[in-house]
Amino acid sequence: MTTASAIEFAGPTVRRQSLWRYWRGGLQGSEFTWAVAFVVPYIAVFLAFVIYPAFYGLWMGSNPSLYTEVFSDPIYLNTVVNTMVFLAFGVNVKLFLALMLSGFFMRPGWWTKALLLIFVLPWAVPALPTFISIHWMLNGEWGLVNNALYILFGVDGPSWLNSRWLALGSAIFSHVWKWTPFWTVILLAGRMSIPQEIYDAAKVDGATGLRRFLHVTFPLLANLYLVLTLLATIFLLGDFNSVYFVTGGGPANSTHLLATLGVVRDMLELGKPQLGVAAVMSALPLLIPLVIILMRKLKTSEAQL
Amino acid sequence: MTTVTLDARPTSHAARPAERMRRTARRWRYLTNAGAAVLSAVILLWTLTPLYNMVMVSLEAEGDVAVTHIWPPEPSAASFWVVVTEGHWYLEAFWHQFGNSVFLAGMVTLLVLVIGSLTSFSIGRMRLRNGWVITNAALLTYVIPASFLAIPFYLIMNRYGLQNNPWSVISVLVTFATPYAIFIFQEYSRSIPLELDESARIDGASPIQIYLRIYLPLMAPALVAVGTYALLLAWNEYLYQFLLLSNERSMTVAVALGKFLNSDVAPWNYMMATAIIYALPPLATYYIFRNRMSSGLTMGGVKG
Chain V
1 MTTASAIEFA GPTVRRQSLW RYWRGGLQGS EFTWAVAFVV PYIAVFLAFV
51 IYPAFYGLWM GSNPSLYTEV FSDPIYLNTV VNTMVFLAFG VNVKLFLALM
101 LSGFFMRPGW WTKALLLIFV LPWAVPALPT FISIHWMLNG EWGLVNNALY
151 ILFGVDGPSW LNSRWLALGS AIFSHVWKWT PFWTVILLAG RMSIPQEIYD
201 AAKVDGATGL RRFLHVTFPL LANLYLVLTL LATIFLLGDF NSVYFVTGGG
251 PANSTHLLAT LGVVRDMLEL GKPQLGVAAV MSALPLLIPL VIILMRKLKT
301 SEAQL
Chain G
306 MTTVTLDARP TSHAARPAER MRRTARRWRY LTNAGAAVLS AVILLWTLTP
356 LYNMVMVSLE AEGDVAVTHI WPPEPSAASF WVVVTEGHWY LEAFWHQFGN
406 SVFLAGMVTL LVLVIGSLTS FSIGRMRLRN GWVITNAALL TYVIPASFLA
456 IPFYLIMNRY GLQNNPWSVI SVLVTFATPY AIFIFQEYSR SIPLELDESA
506 RIDGASPIQI YLRIYLPLMA PALVAVGTYA LLLAWNEYLY QFLLLSNERS
556 MTVAVALGKF LNSDVAPWNY MMATAIIYAL PPLATYYIFR NRMSSGLTMG
606 GVKG
């Protein structure tokens with residue numbers, strides 16, 4: 001009897017102890033407490049400022065009737081088209097330019113190094129002042145662009161920000177201007193990490209110029225390029241500044257992106273934050289697969305930014 | 306035609322192909338150099354035009370910004386002086402707002418460094434079991450666009466009465482900057498041998514001592530890289546500052562600049578001067594720490 005009860009008592013304790021040991025891993029006594037104490041601040045930050053707002057947003061956007069309201073809004077539909085155009089041109093132009101320019105900046109010599117220092121300026125200067133500057137530059141009556149066009153060629157330039165497509169194009173231009181240096185620097189580092197021996201071997205085999213790029217450089221950069229494309233797409237989906245400052249969503253709310261539509265028009269102008277959340281959440285069917293693919297890629301290739 | 310002239314020349318047969326090759330090589334080099342020069346000019350024009358416009362507008366004399374020239378006839382730096390001395394009612398609180406920006410960026414940097422290094426020390430060095438869950442959570446945070454959480458975050462902060470409280474913005478910026486810190490720290494700490502920690506432990510050092518005396522000093526380069534990143538991120542961020550810091554006393558320089566833009570009567574030369582002053586600290590930081598930053602930024606960039 002006594003032995004049986006002892007076993008009965010011992011059973012769960014032993015299991016609990018082994019579970020406890022499992023959680024502790026190789027850490028001894030107070031070390032485990034320290035290790036947990038060290039990660040608590042980040043876990044707290046993550047729960048309070050990522051999980052809580054995310055679920056709050058999901059809860060706000062969970063009413064299906066919101067979506068009928070959102071999808072029947074012509075400005076929202078325009079915004080979806082704008083986002084697609086912005087993604088298609090913004091991401092690809094920016095990354096293609098970065099890929100080409102990173103090759104240019106591989107050239108030896110002080111001049112290239114000095115030029116690179118100047119070239120990264122758009123990235124190093126905060127977005128806000130430069131986007132405001134571009135906004136004025138494009139003013140139809142007294143902006144720098146049209147003044148220069150008139151003085152140099154005697155042409156009256158269009159009023160860039162008064163038609164939907166010119167304005168959207170200007171916003172894309174600003175975005176490309178601002179972010180190309182960043183991706184160029186990353187691709188430059190990628191190119192630099194390709195061992196010189198590979199190029200030497202390719203040279204022996206007679207590959208130069210374009211063929212060297214197509215058969216040696218690009219295959220080695222392809223994985224990085226893909227990861228950067230995914231990342232740039234996700235970052236661009238959440239872009240706020242380039243549209244907000246360059247076009248302000250105008251003319252007549254025709255150049256919004258999802259983030260500016262949700263925050264500026266829906267929440268601040270219309271006072272309907274639910275509508276804004278629904279508009280932003282409508283990007284989730286695109287965002288979630290991208291995030292999953294990207295997280296897998298980042299883990300397997302250990303490409304980091 | 307060329308072959309005829311070449312044949313007419315009294316050179317030896319063996320030297321000719323080599324000579325021709327050298328000549329094509331030289332011609333090719335001229336061509337690529339010329340191409341590089343043209344491309345350089347285009348890059349310069351492309352990069353500098355919006356920045357030139359900033360400087361040009363800031364040098365305009367007061368009141369005549371709606372102009373038709375591409376260089377002010379009487380450039381004057383008076384607008385900078387007005388900004389620095391807070392000489393316009395728009396700029397009454399300029400230095401106060403500048404201080405707000407400094408406080409915000411400083412706090413974000415400090416917290417990112419502390420939280421990020423503690424987390425990666427625990428996961429990477431102490432080998433906390435299931436630490437990968439935290440790493441994944443951080444990775445997920447890194448790839449979510451910050452603006453997607455702006456509306457719920459804004460409402461939550463309103464509900465707790467934290468509007469116009471700098472800590473609301475600090476907390477969100479820490480949230481979005483820490484994941485990057487965790488990656489860089491983990492990646493960098495792989496180059497520090499674990500035996501160092503082991504021997505310190507055998508000598509009786511507690512984890513907090515190992516963290517303070519061994520880990521942090523050896524991580525100095527990564528701390529500088531991440532610190533610069535966090536500082537620039539916090540100083541340059543606009544959306545959350547704009548949403549959460551709206552009154553005159555709590556707003557930062559970024560918010561004040563945005564407010565300038567939305568008013569039609571704003572003196573634009575003052576605004577551009579403010580913008581240039583606002584852009585200088587991050588610019589200086591960037592160029593001072595540039596080399597360390599980019600090495601951290603692309604660490605392990607293209608494995609595989």
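Residue numbers (this note's numbering), protein chains in the order written: chain V, 1 to 305; chain G, 306 to 609. Don't be surprised by glycine CBs; every beta carbon is placed ideally from N, CA and C.
Residue i (DSSP reduced to helix, strand or coil)
i, result
"phenylalanine 89(V)", "helix"
"leucine 396(G)", "helix"
"valine 81(V)", "helix"
"histidine 374(G)", "coil"
"asparagine 338(G)", "helix"
"lysine 203(V)", "helix"
"glutamate 141(V)", "coil"
"glycine 532(G)", "helix"
"glutamate 269(V)", "helix"
"serine 102(V)", "helix"
"glutamate 324(G)", "helix"
"asparagine 253(V)", "coil"
"arginine 554(G)", "coil"
"glutamate 365(G)", "coil"
"tyrosine 465(G)", "coil"
"valine 125(V)", "coil"
"valine 159(V)", "Note on identity: in this sequence residue 159(V) is serine, with valine being the wrong assignment. Three-state DSSP puts serine 159(V) in coil, outside helix and strand."
"phenylalanine 240(V)", "coil"
"glutamate 379(G)", "coil"
"arginine 107(V)", "coil"
"methionine 524(G)", "coil"
"threonine 208(V)", "coil"
"threonine 247(V)", "coil"
"alanine 561(G)", "helix"
"glutamine 304(V)", "At glutamine 304(V) the pLDDT is 43, less than 50, meaning the model places this residue with poor confidence and gives no usable figure here."
"threonine 130(V)", "helix"
Extent of the continuous alpha helix (DSSP H) to which residue i belongs
i, result
"proline 53(V)", "52-60"
"aspartate 502(G)", "499-507"
"isoleucine 234(V)", "218-237"
"isoleucine 487(G)", "471-494"
"histidine 175(V)", "164-192"
"phenylalanine 547(G)", "544-549"
"alanine 510(G)", "No alpha helix (DSSP H) contains alanine 510(G), which DSSP labels as neither H nor E."
"leucine 115(V)", "110-119"
"arginine 518(G)", "No alpha helix (DSSP H) contains arginine 518(G), which DSSP labels as neither H nor E."
"alanine 37(V)", "29-46"
"glycine 154(V)", "Run containing glycine 154(V): none; DSSP gives neither H nor E here."
"glutamate 315(V)", "This structure cannot speak to residue 315(V), because chain V is shown only from 1 to 305."
Beta-carbon proximity of residue i to residue j, cut-off 7 Å
i, j, result
"leucine 128(V)", "alanine 559(G)", "yes"
"leucine 478(G)", "valine 413(G)", "yes"
"serine 427(G)", "methionine 577(G)", "no"
"serine 174(V)", "serine 242(V)", "yes"
"valine 70(V)", "alanine 278(V)", "yes"
"glycine 532(G)", "phenylalanine 547(G)", "no"
"valine 125(V)", "alanine 584(G)", "yes"
"leucine 138(V)", "tryptophan 110(V)", "no"
"alanine 232(V)", "valine 216(V)", "no"
"asparagine 405(G)", "threonine 557(G)", "yes"
"threonine 260(V)", "phenylalanine 240(V)", "yes"
"serine 535(G)", "valine 419(G)", "Reading the sequence as shown, one finds alanine at residue 535(G) and not serine. Their beta carbons are not under 7 Å apart, which means alanine 535(G) does not touch valine 419(G) by this criterion."
"tryptophan 123(V)", "proline 181(V)", "yes"
"alanine 88(V)", "tryptophan 183(V)", "no"
"serine 555(G)", "asparagine 469(G)", "yes"
"valine 227(V)", "lysine 113(V)", "no"
"alanine 530(G)", "arginine 432(G)", "no"
"leucine 549(G)", "valine 474(G)", "yes"
"methionine 295(V)", "leucine 444(G)", "yes"
**Request:** Could you tell me whether the region 344-360 of chain G touches the region 116-136 of chain V, using the rule of 3 or more Cβ pairs below 8 Å?
**Result:** yes
* Counting pairs of Cβ atoms below 8 Å between the region 532-540 of chain G and the region 400-420 of chain G, do you hit three or more? -> yes
inquiry  = For a minimum of 4 consecutive residues, which ranges assigned as the alpha helix (DSSP H) are wholly contained in the region 424-467 of chain G?
reply    = 436-448, 455-464
Requested in this report: Would you check if there are 3 or more beta carbon pairs closer than 8 Å linking the region 421-436 of chain G to the region 267-278 of chain V?
Outcome: no
Q. With contact counted as at least three CB pairs below 8 Å, one residue from each stretch, are the region 287-296 of chain V and the region 448-468 of chain G in contact?
A. yes
Notebook entry, point to check: Below 8 Å, can you find three or more Cβ-Cβ pairs linking the region 515-524 of chain G to the region 454-467 of chain G?
Noted result: no
ask   = Below 8 Å, can you find three or more Cβ-Cβ pairs linking the region 27-37 of chain V to the region 499-516 of chain G?
value = yes
Exercise. Kindly confirm or deny that the region 190-199 of chain V and the region 76-91 of chain V touch, where touching means at least three C-beta pairs closer than 8 Å.
Key: no
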